[in-house]
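Visitor:
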Amino acid sequence: MRFFSFLILMALLSALLGCQTQPNSAMIELKDNWTFRQANKGSWMPATVPGTVHTDLMQNGKIPDPYFRMQEEEVQWVDKADWEYRCRFTIEEDFLDFEAITLQCLGLDTYADVYLNGQLLILADNFFVAYEKEVKPWLKVGENQLRIFFHSPITVGLQALSKNKYGLPATNDQSERGGLGDKKVSVFLRKPGYHFGWDWGPRLVSSGIYRPIRLMGWNKARLTDVYFQQDSLSDEKAQLTARCEVESLVEHEGLIQIYQGDTLLATQEVALLKGKNEFHLPLEIYDPIRWWTHDLGKPHLYKLTARLSYQRKPINEISRKIGLRTIKIVQEPDKKGSSFYFELNGRAVFAKGANYIPNDMFIPRVSKKQYQNLIRSTVDANMNMLRVWGGGFYENDIFYELCNEQGVLVWQDFMFACSMYPGDPEFLRNVEEEAVYNVKRLRNHPCMAIWCGNNEIDVAWAQYNEFMGWGWKQLYTMAQRREIWQAYDTIFHKLLPTIVGANHAGMFYWPSSPYNVPGRHANSHTPNGDIHYWGVWHSEHPFSAYYDNIGRFMSEYGFQSFPEFKTVKTYALPEDWNIESPVMAAHQRSGIGNLRIRSYMQQNYRVPANFEHFLYVGQLLQAEGIKMAVEAHRASMPYCMGSLYWQINDVWPVASWSGMDYYQRWKALHYFIKKAFEPTITAALVKDGKLRLSIISDELGEREGELRLRLIDFNGETLWKKDTSLQLPQNTALQALELPLTEICDSNTAKKTVLLVDLYSQGRRVFHNPVYLVSAKVLELPSAPAIEKQVFPDKEGFLIRLRASQLAKNVFLDFGDEVDGFFTDNYFDLLPGELVEVVFKPKQKGVSLTAEGLKILSLGEAK
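Each residue of the sequence shown is one higher than the one before, counting from 0 in numbering that gives the first Met the number 0.
#1: Have a look at Pro-136 and Asp-124 and give me their C-alpha separation to the nearest angstrom.
#2: Under the rule that 16 or more other beta-carbon atoms within 10 Å means buried, what is Thr-476, buried or exposed?
#3: Determine the DSSP secondary structure at Trp-137, reduced to helix, strand or coil.
#4: Quick check on DSSP: helix, strand or coil for Met-872?
#5: For Pro-739, which beta-bridge partners are listed by DSSP?
#6: Just reading off the alpha helix (DSSP H) that Glu-611 is part of, what are its end residues?
#7: When you compare only the Cα positions, how much space is there between Leu-778 and Val-753?
#8: Enumerate in chain order the residues of its own chain whose CB-to-CB distance from Ser-308 is below 6 Å, with the five nearest sequence positions on each side excluded.
#9: Measuring CB to CB, does Asp-649 end up less than 7 Å from Ser-642?
#10: Nearest-angstrom Cα distance between Glu-175 and Lys-183?
#11: Specify the secondary structure class of Pro-863 as computed by DSSP and reduced to three states.
#12: Leaving out five residues on either side along the sequence, give the residues of the same chain with a beta carbon under 8 Å from the beta carbon of Gln-21.
#13: Under the DSSP definition of a beta bridge, which residues are partnered with Ile-449?
#14: For a test of the three-state rule: what should DSSP assign to Gly-859, helix, strand or coil?
#15: If Ser-512 and Glu-433 are in contact, beta carbons under 8 Å, what's the gap, nearest whole angstrom?
#16: Apart from the five residues on each side of it in sequence, which residues of its chain come closer than 7 Å, Cβ to Cβ, to Asp-379?
#17: Between Gly-832, Asn-39, Gln-256, which has its C-alpha nearest Thr-304's C-alpha?
#18: Measuring CB to CB, does Ala-628 end up less than 7 Å from Tyr-514?
#19: Let me check understanding here. Comparing Cα to Cα, which of Ala-129, Lys-132, Asn-171, Leu-107 lies closest to Phe-148?
#20: Buried or exposed: where does Phe-466 fall if 16 or more other Cβ atoms within 10 Å of its Cβ makes it buried?
#21: How long is the line joining the alpha carbons of Leu-271 and Val-387, rounded to whole angstroms?
#22: Could you check how far apart the C-beta atoms of Leu-353 and Leu-323 are, in whole angstroms? I think they sit under 8 Å.
#23: Spatial neighbours of Ala-775 within its chain, please: CB distance less than 7 Å, with the 5 preceding and 5 following residues excluded, ordered by chain position.
#24: Checking 7 Å against the spacing of the C-beta atoms, do Ile-121 and Val-113 come in under that value?
#25: With respect to the beta strand (DSSP E) encompassing Pro-792, which residues constitute its N-terminal and C-terminal limits?
#26: Between Leu-248 and the rest of its own chain, which residues show a CB-CB distance below 8 Å, the 5 nearest in sequence each way excluded?
#27: For Ala-622, which of Met-414, Met-640, Arg-595, Phe-558 has the nearest alpha-carbon?
#28: Under a Cβ-count criterion, where at least 16 other Cβ atoms within 10 Å of its own Cβ denotes burial, should Ser-185 be classed as buried or exposed?
#29: Please report the residue range of the alpha helix (DSSP H) in which Gln-462 lies.
#30: Within a Cβ cutoff of 6 Å, which residues of the same chain sit near Arg-800, ignoring the five residues on either side of it in sequence?
#31: In the DSSP output, which residue or residues are listed as bridge partners for Ile-208?
#32: Quick test of your reading: Leu-29 and Leu-145, contact by CB under 8 Å. State the CB separation rounded to the nearest angstrom.
#33: Which partner residues of Glu-342 appear in the DSSP bridge assignment?
#34: In three-state terms, what does DSSP make of Thr-525?
#35: Go ahead and pull the three-state DSSP assignment for Arg-242.
#36: Looking at the unbroken beta strand (DSSP E) that takes in Phe-797, where does it start and where does it end?
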């Protein structure tokens, strides 16, 4: 009898302990058992969530790959149809014991009606926000069904256009390609603009569930958001305020505590009211370690946790990784205008980087590994800033987390680009919700450096100058113009700055990019704000014009190239291998693009007849042009304090302005940029019969240095030399030397020589820069330089050793189509007698590579 009493007692104790350890919350992600179909038509097919209609149709063999050849044209019907998705899932009885259960839809694209067991619960109308709804009353034990009806964004857009009575400018909306004629609907939809086409991307207007969907069960109360607002920062301590948002089901007493690891930083008893509550907890961190960009220090992160307790028992917590740093935009008047630069922890920073666009037309298929590789490539190329451009989307969390960890600043646009937008109350409400949601989502990230209202709209409309702009305003009556400008002014000069100010304390807001000063618009010479300079490319200015068109901050400029031949073969067949073929034209969205590349190539290089060689020389053309731009901008420090070229990446395989193609293969540009963005460099400009050499340094502290110049012929013989002692500058640039070319060599010798510009400090070579005194077009390069090559297995992959008896200019290395990977250097000049070592890191495991399999192409061989 005692034995059975003991068993009963133990059972009661176990039950009691089980109640005490019962979790206060639980999450069910709805990622399995999804099917989809065209609305009310056809059979249900398997679907992947997160995903898109287009990728699901491809996986089911219903549409071809729109990236291949011209198959994009065959899928334009998809965005005119409605689509529905459904998911059957099972709920256990204990999950329904939670006092509240919410359905969280983190990303719906875009116009979606969400039904649970037949009950309409959510009407989604914005790609850029998450939706959450209490759903416990409609859940049941056993099988449940979630159904999401996606309305055609084109149908919704056409209805909005009709309601607006007149269209609005949308330069990059490829409406005709989509079968809509001149009806540009993208501006009426809160959906990524690039889905409707751009001058580097296809028109693929998607629908679908692009971020996770989940059920969240919880009791009593929960933290819904925590913002660790930095109030002050000194070497002794950081003072912060934890702004905690709490949703409570009942009125009760609670406790909020802030921890760093096991260390309690702040505690506060709170009286919770039913519904939403906000509490502010002051806290201090002593002897703070600052967050820096990777080039200036270590991007140190603190993990802070906010914990909510009920009756002294923890019921919920949120953790955030934050960085302690001060960042501001310095705009100080001077003799020429006013400065514009980022100051991080009191240090003036020259922003080195690129503009960033989405990595794919179909966002859910971008993997964590791809994000990691892109940010790693950013850091490897000595960049410290990326600009998230306004025609894409507010990136996934992993993007900002990687920028935090790797020490990369983010210039963040709101999602408006190259268009005018409506200003009706419903649209403004939608924009306000979007802005509040994303500012709050991203504000804890130390990488965030600036919020910018839009891309290029201020200069495109040009409200304050009738003779500037892109010709938009002249298309409208004066009454319409007032109405359109009022909408613009409301969104970008009133609504967005107010939201940033209220939700992201101390963060700088910039109305548009480029932007001058209120009441005046930016151009290629304005001495304030930031500049987008497109005279090179659009206006066919020579590359040397980069030295003549310099602003305080160069936030956009660029030049196109084709991807390498390996990438072209993924979308084009042999019969397409001509830059004027329909397929190559379809993968070139700048109408002038392919012929513009040829035109610049004719000015600077001998144009190869071989298609593969043409692609290769096109990459060199782009790389040399953007290298010159970077050198011009850096040589103008401190007048110019930022250089962000357009663009680092691609959304599909295409000819574009990117430095890395769709498959994240580095083009020649990215290799050149890596060197041009090194902390200390030399920059050379050959112009008007003179050589001008500048030395640029981002580093603190002046140093003794020596500039060594050696003119060698292509066999390695030294013909002229000059050494100059100097002081290396501190976080600025100086013009170190100017020489007439006649002092170095005559015009005939210049065709057969290279000037080696080497910078030394403390006996170590700091920077190596081969400089050619004439255009590559007239260089008399060795046509078949004999290159000795060796390939050895290495702990990181394969070590490649190269040596040549004659100059091999712009050596391009490749192991063929079957082996993909990364070279630590490529497209470099192999000097006569020089031993160069390069490491190749293959993507595939277990590959065996030999010198015989290594393909080498140099500029002298391009025919």
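A virtual CB, placed ideally from N, CA and C, is assigned to each residue, including glycine.
Guide: In terms of the structure at hand:
#1: 24 Å
#2: exposed
#3: Assignment of Trp-137 by DSSP, reduced to helix, strand and coil, places it in the helix class.
#4: With the chain covering only 0 through 862, there is no way to say anything about residue 872.
#5: Lys-689
#6: 610-634
#7: 10 Å
#8: Leu-254
#9: In this structure, Ser-642 does not lie closer than 7 Å to Asp-649 by Cβ.
#10: Roughly 9 Å between the two C-alpha positions.
#11: The shown model of the chain, from 0 to 862, leaves out residue 863, and the question about it has no answer.
#12: In this prediction, Gln-21 has a pLDDT of 46, which is less than 50 and means its spatial position is unreliable; what the coordinates show is noted afterwards. Around Gln-21: no qualifying Cβ.
#13: Trp-410
#14: DSSP places Gly-859 in the helix class (H, G or I) of the three-state scheme.
#15: Contact doesn't hold; Cβ gap of about 19 Å is too wide.
#16: Lys-673
#17: Gln-256
#18: No; because the gap between Cβ atoms is not below 7 Å, this pair is not in contact.
#19: Leu-107
#20: With a threshold of 16 other beta carbon atoms within 10 Å, Phe-466 falls short and is exposed.
#21: Spanning the two alpha carbons is a distance of roughly 38 Å.
#22: A quick correction: the sequence has Ala, not Leu, at residue 353. A Cβ-Cβ distance of about 27 Å is found for the pair Ala-353 and Leu-323, leaving them out of contact under the 8 Å criterion.
#23: Asn-603, Tyr-604, Leu-858
#24: Pairing Ile-121 with Val-113 gives a Cβ-Cβ distance under 7 Å.
#25: 786-793
#26: Closer than 8 Å at Cβ, skipping near neighbours: Glu-98, Ala-99, Asn-218, Lys-219, Ala-220, Lys-273.
#27: Phe-558
#28: Residue environment analysis places Ser-185 among the buried positions, since at least 16 neighbouring C-beta atoms fall within 10 angstroms of its C-beta.
#29: No alpha helix (DSSP H) contains Gln-462, which DSSP labels as neither H nor E.
#30: Gln-789, Glu-836
#31: Leu-107
#32: Approximately 6 Å separates the beta-carbon atoms of Leu-29 and Leu-145; this is inside 8 Å, confirming the contact.
#33: Glu-342 has Lys-327, Ala-347 as its beta-bridge partners, per DSSP.
#34: coil
#35: strand
#36: Taken as a continuous stretch (DSSP letters only), the beta strand (DSSP E) holding Phe-797 covers 796-803.
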